[in-house]
Structures are given as C-alpha cells and as structure tokens.
Amino acid sequence: MGLKTIIGDTLVDIDLDATQKWYEKTLEWDCACADCRRFIEAAKGKKLPEYTLKVLQELDIPPEKATYVCLLDGKDLYEYCYRIVGKVIEKVSVDPVANCRCELEHPCPSFEFPTPYFDIVFYDEIFYRP
207 MGLKTIIGDT LVDIDLDATQ KWYEKTLEWD CACADCRRFI EAAKGKKLPE YTLKVLQELD
267 IPPEKATYVC LLDGKDLYEY CYRIVGKVIE KVSVDPVANC RCELEHPCPS FEFPTPYFDI
327 VFYDEIFYRP
C-alpha cells in the first residue's frame with residue numbers, strides 16, 4: 207500500500223498519497239459549539255501534544271482537520287480523530303503511547319472517504335484558552 211509505520215501501539219500501512227489528497231480538499235472540523243471551536247483554535251495554534259503534532263506532521267495532515275472531536279469530561283479531556291487511507295496490520299508492543307490508538311470501527315462512518323481506512327484516535331487534555 208505504501209508507508210508502513212507504527213502509530214501508538216499499532217503497525218499500519220498508509221496510502222499517504224490518497225490520505226493527503228483527501229485532506230487537501232476537506233475543510234476543518236465544522237462543529238460550532240464552544241468546546242469544538244476551542245479545540246480547533248488549539249490545533250491551528252499547534253497547541254496539541256507533541257506526539258500528536260509529530261504524527262500529523264509526518265502524514266502532512268493539518269491539525270485543525272480532525273474528522274471527529276468530542277469533549278469527554280466537560281472540562282479539558284478531548285477525544286479527537288484523523289481518518290487515514292490504509293490498513294491496520296497488527297498491534298505491537300514497541301513503546302505504546304497510552305493516549306493514541308488506531309481503530310477500524312469508529313462511530314463516525316464516512317461514505318465519501320476512500321477505502322480501506324482506519325482512524326487514529328487521540329485522548330488528551332487540551333488546556334488551551336483563546
């Protein structure tokens with residue numbers, strides 16, 4: 207398929223070209239609620255955790271173009287995802303990252319996204335205040 211790499215604790219095979227083409231034409235996460243807007247402002251300002259920014263930079267994905275964002279605790283803990291064209295190969299035990307995992311089945315299906323795909327799911331406290 208393309209780029210084989212470890213994200214979190216998962217070995218994945220990414221179609222980098224197809225993923226980048228999709229992100230070039232898509233818009234940023236568009237929920238207008240205050241919590242999601244705070245996340246987007248943090249993402250635009252590169253105020254996300256270092257590991258998240260490293261993964262997104264390697265894949266050339268703008269942080270504000272998350273495919274799912276949800277505030278989990280009513281304060282600062284977010285779940286946020288980025289959809290990737292590619293396949294999950296296997297879980298590995300090389301330096302797992304507790305706040306990141308790759309999932310095949312995420313609650314936000316996409317009928318317009320190329321297949322096969324998976325989601326990189328992050329769980330982080332985002333303390334950014336605009």
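Just remember that this note's numbering sits 206 ahead of the position in the sequence shown, which is counted from 1.
We put the CB at the ideal spot given by N, CA and C, even for glycine.
Measuring alpha carbon to alpha carbon, tell me which of 292, 286, 246 ends up nearest residue 306.
Walking along the sequence shown from the start, residue 306 turns up at place 100. Of the candidates 292, 286, 246, the one whose C-alpha sits nearest the C-alpha of residue 306 is 286.
Would you check if the segment 269–286 and the segment 325–334 touch, i.e. whether three or more CB-CB distances between them fall below 8 Å?
yes
Strand pairing of residue 289, partner residues [DSSP]
Stepping through the sequence shown from its first residue, residue 289 is reached at position 83. DSSP lists 325 as partners of residue 289.
For the segment 215–285, list the beta strand (DSSP E) runs that are entirely contained and at least 3 residues long, ordered along the chain.
Counting only runs of 3 or more, we get 216–220, 274–277.
Let's see if you can read the secondary structure: which residues bound the beta strand (DSSP E) around residue 212?
Here residue 212 refers to the residue found at position 6 of the sequence shown. Secondary structure note for residue 212: its beta strand (DSSP E) is the uninterrupted segment 209–213.
What would DSSP say about residue 335, mapped onto helix, strand or coil?
By 1-based counting over the sequence shown, the position of residue 335 is 129. In this structure, residue 335 counts as coil in the three-state DSSP scheme.
Confirm, please, whether the CB-CB distance from residue 324 to residue 292 is below 8 Å.
As a first step, residue 292 must be located in the sequence shown, where it is residue number 86. As a first step, residue 324 must be located in the sequence shown, where it is residue number 118. Going by C-beta atoms, residue 292 is nearer than 8 Å to residue 324.
Could you pull out every residue in the same chain whose Cβ sits closer than 6 Å to the Cβ of residue 222, ignoring the five residues on either side in sequence?
Within the sequence shown, residue 222 is the residue found at index 16, counting from 1. Excluding residues within five positions, the ones whose Cβ falls inside 6 Å are 208, 209.
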